[in-house]
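Everything on this sheet refers to the single structure shown next.
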DNA sequence: AGTTTCTACAACCATTTGGTTGTACGTTAA
DNA sequence: TTAACGTACAACCAAATGGTTGTAGAAACT
């Protein structure tokens with residue numbers, strides 16, 4: 030079962046938007062290495078607790094992190110699935126580009142002999158990890 | 030020949046920000062398949078020419094596309110290098126996550142010597158499916 | 001010539017973003 | 001019980017976004 034859930038445009042928007050901030054990317058790195066409380070995260074950055082709280086909320090809405098209760102703390106944990114989804118998206122872009130290059134190569138190779146790859150083989154994509162669910 | 034140029038935070042910001050819009054992602058797809066003029070792109074979307082022009086400018090500032098002259102037209106072409114750079118970034122995130130899973134696995138593999146409660150590992154995460162590599 | 005096409009850019013507007021401070025509430029510790 | 005800690009949330013503000021219209025220049029087509 031491919032996780033390649035066809036993400037809606039809005040979901041992809043939220044994911045990329047969430048990653049478009051250095052503080053948030055740093056938070057993602059930290060909570061992928063190990064979960065941390067919001068206040069522990071806030072201590073790391075030169076901004077108010079509320080600001081960090083908002084950043085975590087943006088990441089949570091994008092599905093990049095999850096929060097769960099632990100006493101009076103909220104532990105933040107990274108969600109690797111979302112990251113893989115973005116990778117799949119980018120893989121798709123790269124395949125599109127390769128197809129274009131292949132087409133150009135075919136044009137250049139065509140005039141004399143038969144094109145080396147008349148079949149529209151999509152450049153044998155890296156096979157996006159058929160992880161089951 | 031690894032391009033792996035270290036991107037500054039601001040550059041990564043611009044790249045993710047540029048991808049955080051469905052219209053811009055669509056433009057990237059189109060110009061990766063084949064270069065197109067700005068007006069040809071603008072015809073595709075239900076917005077003004079100037080709006081599409083701005084989107085292209087955002088992509089250009091992020092390095093995701095390049096523009097070059099062709100008569101009175103400006104042809105927009107996708108830049109696969111930038112896409113690979115983002116993939117490298119995401120690869121790094123995924124490696125970080127894997128390192129964390131490996132550490133948890135190591136803890137679980139040595140259950141007799143050290144009691145699991147002795148470690149400060151909080152709430153022993155449900156181990157999100159350690160698909161082997 | 002004159003006109004159309006493609007592009008650039010400024011000015012403007014509504015909404016969102018990223019930050020702040022302040023208040024309130026549940027949980028832990030004295 | 002009281003105090004301290006960790007969090008949530010509202011209100012506010014400056015700046016950036018994403019759209020618009022309008023004006024203007026350069027290239028191509030009568």
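Protein chains in written order, with the working numbering: chain H, 30 to 162; chain Z, 30 to 162. Beta carbons: idealized from backbone N, C-alpha and C, even for Gly.
Which residues in chain Z have a C-beta closer than 8 Å to the C-beta of residue 116/H? List them in chain order. The contacting residues are 116, 119, 120, 123.
Please report how far the alpha carbon of residue 84/H lies from the alpha carbon of residue 101/Z, in whole angstroms. 44 Å
Would you list, in chain order, the members of the stretch 53-64 of chain Z that have their beta-carbon closer than 8 Å to a beta-carbon of chain H? 54, 57, 58, 61, 62, 63
Are the CB atoms of residue 54/H and residue 38/Z nearer to each other than 9 Å? Yes. Within cutoff.
Between residue 48/H and chain Z, is there a C-beta pair that is closer than 9 Å? Answer yes: the Cβ-Cβ gap between residue 48/H and chain Z drops below 9 Å somewhere.
Using only the alpha-carbon positions, how far apart do residue 138/Z and residue 98/H sit? 27 Å
Indicate the three-state DSSP secondary structure (helix, strand or coil) for residue 118/H in the structure shown. helix
Going by Cα to Cα distance, which pick from 127/Z, 117/Z, 131/Z, 106/Z is closest to residue 58/Z? 106/Z
Cβ of residue 107/H within 9 Å of any chain Z Cβ: yes
How about residue 42/Z and residue 51/H: do their beta carbons lie closer than 9 Å? Yes, they are a contact pair.
Within-9 Å CB hit, residue 131/Z to chain H: Chain H, which has no Cβ nearer than 9 Å to the Cβ of residue 131/Z, makes this no.
Using three-state DSSP, classify residue 36/H as helix, strand or coil. coil
Around the Cβ of residue 45/Z, are there at least 16 other Cβ atoms within 10 angstroms (buried) or fewer (exposed)? buried
Return the Cβ separation of residue 71/H and residue 91/H in integer angstroms, given the expectation that the two are a contact with Cβ distance under 8 Å. Distance from residue 71/H to residue 91/H at the Cβ level is roughly 19 Å; contact not present, criterion being Cβ atoms closer than 8 Å.
Between the CA atoms of residue 82/Z and residue 75/H - distance to the nearest angstrom: Looking at the two C-alpha atoms, the distance is approximately 37 Å.
Quick check on residue 64/Z: does DSSP put it in helix, strand or coil? coil
Verify the CB distance criterion: does residue 73/Z have a CB-CB separation below 9 Å to chain H? no
Is residue 147/Z helix, strand or coil by DSSP? Residue placement at residue 147/Z is flagged as unreliable, the pLDDT there being 37, under the threshold of 50; a coordinate-derived value is accordingly withheld.
Looking at the secondary structure, which residues open and close the alpha helix (DSSP H) in which residue 90/Z lies? 78-90
Between the CA atoms of residue 121/Z and residue 120/H - distance to the nearest angstrom: 15 Å
Exposed or buried, which one is residue 129/Z when buried takes at least 16 other CB atoms within 10 Å? buried
So, at 7 Å on beta carbons, what are the nonlocal neighbours of residue 49/Z in its own chain, with the 5 sequence-adjacent residues on each side left out? none
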